[in-house]
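Numbered per our numbering, the sequence shown spans residues 1 to 296. Where a beta carbon is used, it is the ideal one built from N, C-alpha and C, also for glycine. Model, not experiment: these values are computed from the prediction. These notes are about the structure you will find just below.
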Amino acid sequence: MAFESLANRLQNAFDKLRGRGKIDETVVNEAMREVRLALLEADVNFKVVKDFVARVKERAVGQDVMKSLTPGQMVIKIVNEELVELMGGSVAQLTMAHRPPTVIMMAGLQGAGKTTTTGKLAKYLQKQNRKPLLVAGDIYRPAAIKQLQVLGEQLGVPVFTLGDQVSPVEIARQAIDHAKTNHLDVVLIDTAGRLHIDEALMDELKQIREVTKPDEILLVVDAMTGQDAVNVAESFNSQLELTGVVLTKLDGDTRGGAALSVKAVTGKPIKFAAMGEKLDALEAFHPDRMASRILG
Ligand code: GDP
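Okay, structure coming up:
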């Protein structure tokens, strides 16, 4: 299960605080040394760990322990609150256009789960009584259009495609007109994924952004790739100005580093978490629930 080893390590760190009467600096330092190692082992960004530990220490040392809590519980409470903050504090909502259709551009490297997530998001929106349109903008991966069509069929959601001979920019432009004419209120554009970030990919994404003026640019990253996911997010964000991140494969045995670092490093919130291959395996990302999972 994801976060299992991080949860165990943190539990060990907090066990050392058991039976202590007072939160003094030595006690906090000892516990935080363990927490620091646990976070680094979970592949959390080095700078993020450093700042996190410093913040917890500052808050914990010399703090009067609430009567109802032991010092250990008090430190756990602070760590919990800071973990929630680190991951964005509260749930980050999708921005919807005042005048439909809302345009959501999906970006990501190949294999991150972008196309699957686009389908999941369509389902999520359907449940909110929205009428999504899926747009097949990945014309380079041979199976991508078909994959989206299959997803659309499963969901009963229309799929807009112009095949693989028309530029994705033109496809996106026409898709928005199609949505307007057919009263579809959310346009989900699946874009090309590549194995690596390259200039051609970024240029195409920028052009699609230019033409569609998206309300959301969501980057889909694979949580299993840890620091790499964070680096990918950082470089997409610097070029595209993302509005949010979707973390996939949180059902796998990810160590958790991406979930804990992405917001701090990019400044952009994690909006959704994908936890499986099925179409309903997508949830709004709740920092508080994730922190509870991490703390076991
Ligand atoms: P794309 O190249 O980014 O469009 O990636 P796909 O959407 O084709 O997904 C790549 C693989 O990852 C597929 O086998 C998906 O079923 C799988 N996948 C996507 N999201 C998740 C997830 O949240 N959990 C798991 N376990 N697998 C996922």
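For residue i, which residues does DSSP report across the bridge?
i      : result
Ile171 : Bridge partners of Ile171: none, in fact.
Ala284 : Phe272
Glu216 : Ile104
Return yes when the Cβ of residue j is within less than 7 Å of the Cβ of residue i, no when it is not.
i      : j      : result
Ala273 : Leu247 : yes
Val220 : Lys114 : yes
Leu83  : Ala258 : no
Lys278 : Val245 : no
Leu195 : Leu240 : no
Ala179 : Leu133 : yes
Ile171 : Leu184 : no
Val262 : Ala223 : no
Thr52  : Gly256 : Reading the sequence as shown, one finds Phe at residue 52 and not Thr. Contact flag unset, no.
Thr116 : Asp190 : no
Met275 : Asp251 : yes
Ser238 : Ile197 : no
Who are the near neighbours of residue i in its chain, counting only those whose CB is closer than 6 Å to its CB and skipping five residues on each side?
i      : result
Ile78  : Val56, Arg59, Ala60
Leu39  : Val49
Val103 : Val187, Thr212, Pro214, Asp215
Gln93  : none
Ala13  : Ala31, Glu34, Val35
Gly193 : Gly108, Leu109, Gln110, Lys114
Lys120 : Leu279, Leu282
Throw me the rounded Cβ distance for the residue i and residue j pair, which I believe falls under 8 Å.
i      : j      : result
Leu86  : Leu260 : 6 Å
Val91  : Ala284 : 5 Å
Met105 : Ile208 : 6 Å
Leaving out the 5 sequence neighbours to the left and right, which residues in its chain are closer than 7 Å to residue i when beta-carbon positions are compared?
i      : result
Val159 : Leu134, Ala136, Leu148, Gln149, Gly152
Leu201 : Ala192, Arg194
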